[in-house]
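Protein chains: 2
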Amino acid sequence: MREGPDIARIASLVGDPARANMLNALMGGTALIASELALEAGVSLPTASSHLSKLMDGGLLTLASQGRHRYYGLAGPQVAGMIEAIIGVAEAVGPKRVRPGPRDAAMRVARVCYDHLAGEQAVAMLDSLVDRKLLLREENEIRLSPSAISHFAALGIEIDDKARRPVCRACLDWSVRRSHLAGALGAAILDKVIAEKWARREKDSRAVVFSPKGKQEFERVFLA
Amino acid sequence: MREGPDIARIASLVGDPARANMLNALMGGTALIASELALEAGVSLPTASSHLSKLMDGGLLTLASQGRHRYYGLAGPQVAGMIEAIIGVAEAVGPKRVRPGPRDAAMRVARVCYDHLAGEQAVAMLDSLVDRKLLLREENEIRLSPSAISHFAALGIEIDDKARRPVCRACLDWSVRRSHLAGALGAAILDKVIAEKWARREKDSRAVVFSPKGKQEFERVFLA
DNA sequence: GGGATGCTTCGATGAGGATCGAACTATGCG
DNA sequence: CGCATAGTTCGATCCTCATCGAAGCATCCC
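Those protein sequences? They're chains A and B, same order as listed.
Under my numbering, the letters of the first sequence match residues 566 to 789, in that order.
Under my numbering, the letters of the second sequence match residues 566 to 789, in that order.
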C-alpha cells in the first residue's frame, strides 16, 4: 500500500480542471504569465495563483521572473510526455465522437508538442528517419546512427551528442497512437521548420499549418 | 478554457491514492479481484468497489467475470503507458528519499500480498524457482514444469493441477518492481512458512518477519 | 514620490467526494 | 435448500480543497 513514487500526488495535480487547462495551454511550449493562465483556465487570479503554487510545489512547472512578469512553463519534456499520454487516454476513452472541426483536423496533421512536432507529419518523419537508418530504433529508445550527425549538420542542425538532454526520445502521439521524435533533435527540427517558414503556428492553438511549398520542402528533406 | 479531451477527468481518476495503488498493482498485467485490490489499496471492500466502478466508468479498466470472481485488469497498453509516464514524473520530481521506518524496511523484505508472500524475499524465490526450472516463465504467465509436482510434494505441498484457481500467477511487487509468485502455489508456500514458524506476521501490518533460523531454512528450501 | 499593473496571501464559504458499517444481492458448494 | 464467499448499494459522516473578494506586496513608469 505504501509506494515509492507518489503517483497519486502528481496525477491529482493534473486532475483538477483549472490546472489541467493551464497545463494544456502550456503544451504549446511558450511560457505564459499568471493572468493569461487564469484566463485559459477560466478562474480568477487568486485561484490561478493558488493553482500555480501547487503545480510549482509538485515540480511540474518552472518559473522565469522577468521584472514584474513571471513566466510559467512546463518543467520539461518528461512532464510534456506525461500530459500527452493522459491526453491520449482521454481521447481513446472519451465518447468524444464529435465531428472534428477544422482546428482538430489541423492538429492531427501537425501540432506543437512542448518543443517539437507531433501529429501525422511527425510520425511519418520518424518512420522515414528510421527507414533511412539515420536513427536506430530499439524498443522505446532511439539512438543516432553514425551517419546522422553529418547528415543533420548538412541541414544546418548541429547535434551536441554530449549534452545532458537526450538527443532523441520517443513521444507517443495521441492522434496516431504511434511515436514521434522528441528530444533535442526533435526540438531543433521544429525550430528549422519555423525558421524556414515552411509552416506557421496557428494563433491560440497548438496546430502547425504547413504552406504548400513548405510541406513539399519538409517532405523532401525529412520524408524522403 | 477551450474544449478538448477531458484530461482532468482521467487524471483525477489516477489522482486518488487508493485508486493509484490499485492501478499500480495492476501494472503487472495480471488481473486481480476486488478484494485483492482492496488490500493493495488499504481500503475496505465497499470503498474499493466504489473506486472500481469509477475506474470502469472512466474506461481505465476491463472486467472479466469468471464465476463469482470478477477479475479487473488495465484497459490496455495505452493506459499502462500513461501510468508509466506518471510514475516517471513522480520519480523524477519526488526525490523524496525519506528514510524508511523499520516497518517499511520489513515490508520491503517480506510481506503478505493477499494470501501469498511479496517483497524481496518473494521476488528472489520466484527467480530461483525459475532458475531451477521448477517453474517455467513465459511473459506474464507462469507454468509448472513436469518435475514441480513431485518436488513440492516432497516439501509437503500438494499441488492440485486441476483446481479452478490458477496454481501460479505473477504478481508485480511495488517495492522491487518485479514479479513474485501468487496463485495457489504462492498461497501454499506462505502457509508453509507460517506453519513451520519460519516467520510470523507483524501485528496490524502486512509485514512478515523471518526468524534467523527460519530465514536460513526458507533460503535453503526455496532459494537454493 | 505617486500611481498603475501584476501577483500573492488571507479568510470565509461551500461542494464534492472518500470513507466505512450495515444491509442487500449474486454466485457457488454440498 | 442452507451456508459461505464475493461484491454492490445505501446512508451518514467527515474532510479536503476549489473558489472568490478584499487587502497586502512587489515592480515598473513617469
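Built from N, CA and C at the ideal position, the CB exists for glycine as well.
When we look at the beta-carbon of residue i and count the other beta-carbons within 10 Å, is it buried (16 or more) or exposed?
i, result
"Pro711 (chain B)", "exposed"
"Leu626 (chain A)", "buried"
"Gly684 (chain A)", "buried"
"His616 (chain A)", "buried"
"Glu723 (chain A)", "exposed"
"Leu628 (chain B)", "exposed"
"Leu720 (chain B)", "exposed"
"Gln643 (chain A)", "buried"
"Phe783 (chain A)", "buried"
"Ala606 (chain B)", "buried"
"Ala760 (chain A)", "exposed"
"Arg734 (chain A)", "buried"
"Arg785 (chain A)", "exposed"
"Ser776 (chain B)", "exposed"
Starting from the Cα of residue i, find the closest Cα among the options and give me that residue.
i, options, result
"Ala573 (chain A)", "B:Leu682, B:Met587 and B:Ile598", "B:Met587"
"Ile575 (chain B)", "B:Val677, B:Met647 and B:Ala760", "B:Met647"
"Val654 (chain B)", "A:Gly779, A:Val695, A:Leu620 and A:Glu784", "A:Leu620"
"Ala583 (chain A)", "A:Leu610, A:Gly594 and A:Ser693", "A:Leu610"
"Ala657 (chain B)", "A:Glu656, A:Val658, A:Ile651 and A:Gly641", "A:Gly641"
"Ala645 (chain A)", "A:Ala603, A:Glu761 and A:Gly748", "A:Gly748"
"Ala752 (chain B)", "B:Tyr637, B:Glu605, B:Gln643 and B:Leu682", "B:Leu682"
"Ala764 (chain B)", "B:Val688, B:Ala671 and B:Ala719", "B:Ala671"
"Ala596 (chain A)", "A:Leu602, A:Tyr636, A:Gly607 and A:Leu604", "A:Tyr636"
"Ile651 (chain A)", "A:Ala613, A:Gly638 and A:Ser577", "A:Ser577"
"Asp622 (chain A)", "A:Val608, A:Gln631, A:Leu639 and A:His634", "A:Leu639"
"Ala603 (chain A)", "A:Gly594, A:Ser614 and A:His716", "A:Ser614"
"Ile754 (chain B)", "B:Ala718, B:Lys778 and B:Gly580", "B:Ala718"
"Val774 (chain B)", "B:Val786, B:Ala687 and B:Ser715", "B:Ala687"
"Lys778 (chain A)", "A:Ser770, A:Ala772, A:Asp680 and A:Lys762", "A:Lys762"
"Ala585 (chain B)", "B:Asp571, B:Pro570 and B:Val608", "B:Val608"
"Val758 (chain A)", "A:Leu746, A:Tyr679 and A:Lys780", "A:Lys780"
"Ala689 (chain A)", "A:Val674, A:Tyr679, A:Leu591 and A:His716", "A:Val674"
"Leu746 (chain B)", "B:Asn589, B:Leu694 and B:His716", "B:Leu694"
"Glu767 (chain A)", "A:Asp571, A:Tyr679 and A:Gly593", "A:Gly593"
"Cys678 (chain A)", "A:Ser770, A:Gln631 and A:Asp571", "A:Ser770"
"Gln631 (chain A)", "A:Thr612, A:Ala599 and A:Glu649", "A:Ala599"
"Glu649 (chain B)", "B:Asp756, B:His716, B:Leu591 and B:Leu699", "B:Leu591"
"Glu601 (chain A)", "A:Asp680, A:His634 and A:Asp571", "A:His634"
Can you tell me whether DSSP reads residue i as helix, strand or coil?
i, result
"Thr612 (chain A)", "helix"
"Ile651 (chain B)", "helix"
"Val732 (chain A)", "coil"
"Ser630 (chain B)", "strand"
"Ser712 (chain B)", "coil"
"Ile754 (chain A)", "helix"
"Gly748 (chain A)", "helix"
"Leu602 (chain A)", "helix"
"Arg765 (chain B)", "strand"
"Gly593 (chain A)", "coil"
"Ile722 (chain B)", "coil"
"Ala683 (chain B)", "strand"
"Gly638 (chain B)", "strand"
"Ala789 (chain B)", "coil"
"Leu625 (chain A)", "coil"
"Leu701 (chain A)", "strand"
"Arg771 (chain A)", "coil"
"Arg662 (chain B)", "Annotation note: pLDDT 49 at Arg662 (chain B) (below 50); position unreliable, coordinate value reported separately. Residue state, collapsed to three classes: coil."
Since residue i and residue j should fall inside the 8 angstroms C-beta cutoff, what is the C-beta to C-beta distance between them, to a whole number of angstroms?
i, j, result
"Ser744 (chain A)", "Leu691 (chain A)", "6 angstroms"
"Val732 (chain A)", "Leu709 (chain A)", "6 angstroms"
"Arg676 (chain A)", "Ala772 (chain A)", "5 angstroms"
"Leu580 (chain A)", "Gly580 (chain B)", "The amino acid occupying residue 580 (chain A) in the given sequence is Gly; Leu does not appear at that position. Confirmed, Cβ separation roughly 4 angstroms."
"Asp726 (chain A)", "Ile714 (chain A)", "7 angstroms"
Check whether the Cβ of residue i lies closer than 8 angstroms to any heavy atom of the ligand ADP, and answer yes or no.
i, result
"Gly594 (chain A)", "In terms of ligand content, the structure shown is empty, and the ligand ADP therefore cannot be addressed."
Near-chain A residues of the segment 610-632 of chain B - C-beta to any C-beta below 9 angstroms:
Gly623, Gly624 and Leu625
In chain order, what residues of the segment 571-584 of chain B put their CB closer than 8 angstroms to some CB of chain A?
From the segment 571-584 of chain B, only Asp571, Ile572, Ala573, Arg574, Ile575, Ala576, Ser577, Leu578, Val579, Gly580, Asp581, Pro582 and Arg584 have a Cβ closer than 8 angstroms to chain A.
Output, in sequence order along the chain, the residues in the segment 647-658 of chain B whose CB is closer than 9 angstroms to any CB in chain A.
Met647, Ile648, Glu649, Ala650, Ile651, Ile652, Gly653, Val654, Ala655, Glu656, Ala657 and Val658
Return the residues of the segment 670-702 of chain A that lie within a Cβ-Cβ distance of less than 7 angstroms from chain B, sorted by chain order.
Cβ contacts with chain B come from no residue of the segment 670-702 of chain A.
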